[in-house]
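Undergrad: Using our numbering, you'd call the opening residue of the sequence shown number -5 and step up by one each time.
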Amino acid sequence: MLDVKQATKVFSAGTASEHHALNGLDLHLDDGEFVTIIGSNGAGKSTLFNAICGNYWLDQGQIFLDGQDITFLSEHRRARQIGRVFQDPMKGTAPHLTIEENLALAYTRKDRKPFRSAVRKQEKDLFRTELEKYHMDLENRMKTKVGLLSGGQRQVVTLLMCTLVMPKLLLLDEHTAALDPATADKVMEITRSIVSENHLTTLMITHNLSQALTTGNRTLMLDEGRIILDLGGEERAKMGVNDLLDCYAEKKKKAFDGVEDKTKWGCKKIRLSFYIPILFRDLFHSPLNFS
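1. In whole angstroms, what separates the C-alpha of Glu228 from that of Tyr242?
2. Are Ala206 and Ile46 touching if we call contact CB-CB under 8 Å?
3. What did DSSP end up calling Leu(-4) once you bin it into helix, strand or coil?
4. Who are the near neighbours of Thr138 in its chain, counting only those whose CB is closer than 8 Å to its CB and skipping five residues on each side?
5. At a cut of 8 Å, does the region 210 to 228 reach the region 36 to 44 through at least three beta carbon pairs?
6. Give me the residue from Asn35, Phe66, Arg78 with the minimum Cα distance to Ala1.
7. Could you say which of Asp179, Leu143, Met182, Phe121 lies nearest to Leu154 if we only look at CA atoms?
8. Should Leu142 be labelled buried (16 or more other beta-carbon atoms within 10 Å of its own) or exposed?
9. Run the CB neighbour count on Leu180, radius 10 Å, all protein chains shown included, and call it buried at 16 or more, exposed below.
10. Considering only residues of the same chain and omitting the five flanking positions on each side of Ala176, which have a CB-CB separation below 6 Å?
11. Quick check: the region 71 to 84 against the region 144 to 159, are there 3 or more CB pairs under 8 Å?
12. Is Asn192 helix, strand or coil when you go by DSSP?
13. Can you grab the Cα-Cα spacing for the pair Gln54 / Glu133, in whole Å?
14. I want to know whether the region 61 to 79 touches the region 159 to 167 - three or more CB-CB distances under 8 Å.
15. Specify, as a first and last residue, the run of the alpha helix (DSSP H) that Val235 falls within.
16. Grouping DSSP H, G and I as helix and E and B as strand, with all else coil, what is Met198?
17. Among the candidates Thr123, Thr102, Ser204, whose CA atom is the shortest distance from the CA of Cys156?
18. With a cut-off of 8 Å, do at least 3 Cβ pairs link the region 17 to 37 to the region 191 to 208?
19. Quick one: using the 10 Å Cβ neighbour count with 16 as the cut-off for buried, is Ala231 buried or exposed?
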């Protein structure tokens, strides 16, 4: 379904600030796989998503989606095949349009016809039916401007906009990180339902390590623009958060904060240096930017 081959992206090339965001990265996803992605600051997670979406082109390498070479395909043409939900609930929707109008705008992907100001009754009925599935009373607020919704409600609308006309690939870019825990759980429940029911190939960036190991069927860890861990099957099922961090330490021989320490005590420091910021974010509902 998705093949990323030797993806390389360098920012500020030839300067003192040169940064290899993607460093010969290879990735293959089968049809229907739900893969979670983790990694520290600057690991290349968001850069990978931006490259897949066409926000910018690779310096080297190729990207194939469902057998089609999309390496140099324009961003708006990729958007017909790729859905993306961002961390910021303010992105991905038109805040001054109503829920109904936002969904109608997304629905134009079905037949690629221009957006009509008037929404047909059969489309309204479809939108209402889809919104009812999520039990958030959004079906009774279809005339409400999206900018007046809560963050969780906006993320649900964005999810529906991305999947109303089913894409070939869904990218979830920390889409629950800015939400309170209860709302985040609800949005994740809806996400799992949509992905499972539609056998939708999905990549999800998260900094919740427990969630990364229990969502979908595979977990990737990125570091310095490469995939350094690829977990699935029984190996993933048996792994806990501490095991994951120990595995990272074994691969990299360094802590997330850059302090080398191969001792057992060093592994404990590794766990604290990476996990405490995540713990504080979850406790105080304040999203941290690790991208």
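Virtual Cβ for every residue (Gly too), placed ideally from N, Cα, C.
TA: Here's the rundown:
1. For Glu228 and Tyr242, the distance between alpha carbons rounds to 18 Å.
2. No. Outside cutoff.
3. The DSSP-derived three-state label of Leu(-4) is strand.
4. Thr92, Ile93, listed in sequence order.
5. Contact between the region 210 to 228 and the region 36 to 44 is established, with three or more Cβ pairs separated by less than 8 Å.
6. Nearest C-alpha to Ala1: Phe66.
7. Selection Asp179, Leu143, Met182, Phe121 evaluated against Leu154 yields Phe121 as nearest (Cα-Cα).
8. Exposed, since its Cβ has fewer than 16 Cβ neighbours within 10 Å.
9. Per the sequence presented here, residue 180 reads as Lys, with Leu not at that position. The residue in question, Lys180, is buried, as its Cβ has 16 or more Cβ neighbours within 10 Å.
10. Excluding residues within five positions, none has a Cβ falling inside 6 Å.
11. The region 71 to 84 vs the region 144 to 159: in contact.
12. The answer is helix: DSSP assigns Asn192 an H, G or I state.
13. The alpha-carbon atoms of Gln54 and Glu133 are separated by roughly 46 Å.
14. With contact defined as three or more Cβ pairs closer than 8 Å, the region 61 to 79 and the region 159 to 167 are in contact.
15. In the DSSP assignment, Val235 falls within the unbroken alpha helix (DSSP H) covering 235 to 246.
16. Correct three-state label for Met198: strand.
17. The candidate whose alpha carbon is nearest that of Cys156 is Thr102.
18. Yes, the region 17 to 37 is in contact with the region 191 to 208.
19. Exposed: under 16 other Cβ atoms inside 10 Å.
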